[in-house]
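Numbering (this note's numbering), first residue to last: 55 to 306. Just so you know, even glycine gets a beta-carbon here, dropped at the ideal spot from N, CA and C. In this text the structure is predicted, and so the values were computed from the model without any measurement. Have a look at the structure below, then the notes.
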Amino acid sequence: MKYLYLSRNKLFLLWALVGIGLILIIAAQPADKDMLAVFSSPADNKVIVIDPGHGGIDSGAVSPSGTREDELNLKVAMKLKQYLTNHNATVIMTRETNEGLAARKSEDMRKRVELIKNSNADIVISIHMNKFPQSKYFGAQTFYMAGSEKGKKLAVCIQTKLVENLIEGNNRKIKPADNLVILKASSAPSVIVECGFLSNAKEEALLKTDEYQEKIAWSIFSGIIEYFATEDTFQWDGMNTPSLLSIYTSLF
Numbered sequence: 055m056k057y058l059y060l061s062r063n064k065l066f067l068l069w070a071l072v073g074i075g076l077i078l079i080i081a082a083q084p085a086d087k088d089m090l091a092v093f094s095s096p097a098d099n100k101v102i103v104i105d106p107g108h109g110g111i112d113s114g115a116v117s118p119s120g121t122r123e124d125e126l127n128l129k130v131a132m133k134l135k136q137y138l139t140n141h142n143a144t145v146i147m148t149r150e151t152n153e154g155l156a157a158r159k160s161e162d163m164r165k166r167v168e169l170i171k172n173s174n175a176d177i178v179i180s181i182h183m184n185k186f187p188q189s190k191y192f193g194a195q196t197f198y199m200a201g202s203e204k205g206k207k208l209a210v211c212i213q214t215k216l217v218e219n220l221i222e223g224n225n226r227k228i229k230p231a232d233n234l235v236i237l238k239a240s241s242a243p244s245v246i247v248e249c250g251f252l253s254n255a256k257e258e259a260l261l262k263t264d265e266y267q268e269k270i271a272w273s274i275f276s277g278i279i280e281y282f283a284t285e286d287t288f289q290w291d292g293m294n295t296p297s298l299l300s301i302y303t304s305l306f
């Protein structure tokens, strides 16, 4: 899949970094192939739960024109899954169709929580759309579990990319929450990404397009990569050093 939104200058810098890394590896003549891990994606072998909110009888928010949140959540989530699997992450979806996990909301949520608890996830990403009585509000926003420093860090990484890449004028900040079931389902860093407001006609029109959904997925993916890159280090001759992929995340 094409990686959009990288300038030519950034791509050139990325390949320059990769080239330098190849030279270093050849010069070092490593004894085993493990040294090639320097080129692995920060998402390599990570377990990531993606939860497209709602589904089935639970539509979630519905816009004045009838746009259903659950359908948009799934579209963004599936695009995010593709980006992550392309980077060798193991992705666990709470749902991959427009059906929910159960006929009743309470049972649906119970099953989601159970799936997340049993996933041994490194991070959990729940995708949602927002709605408010007043139509003037817009912009994506990321929520994290109150008191979770790693959850806060993940939220910052994702929110930064959302603000950079999506609708202009969004000044929303990350926000802690302690009463959201999905955020409490796992000890792993967990966030809820509200991708935009269905109650804002301009933003709703964008949210319905494949191109904008791609931008949302790319922004979340880029934030995830940045999070893992700053969490992980690579062993080089006994010393911890950031991997080249950690360096290139600054390009996203």
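Could you give the distance in angstroms between the alpha-carbon of residue 245 and the alpha-carbon of residue 222?
22 Å
Which whole-angstrom value is the C-beta distance of residue 181 and residue 104, which I expect to be below 8 Å?
7 Å
Indicate whether residue 252 and residue 131 have their beta-carbon atoms separated by less than 8 Å.
no
According to DSSP, what are the bridge partners of residue 178?
103, 244
Quick one: grab the DSSP three-state call for residue 194.
coil
What's the C-alpha gap between residue 175 and residue 270?
22 Å
Going straight from the alpha carbon of residue 163 to that of residue 112, what length do you get?
11 Å
Determine the direct distance from the alpha carbon of residue 212 to that of residue 231, and round the result to whole angstroms.
16 Å
From what residue to what residue does the beta strand (DSSP E) around residue 148 run?
From DSSP, residue 148 is part of no beta strand (DSSP E); its letter is neither H nor E.
Rounded distance between the beta-carbons of residue 247 and residue 196, thought under 8 Å
5 Å
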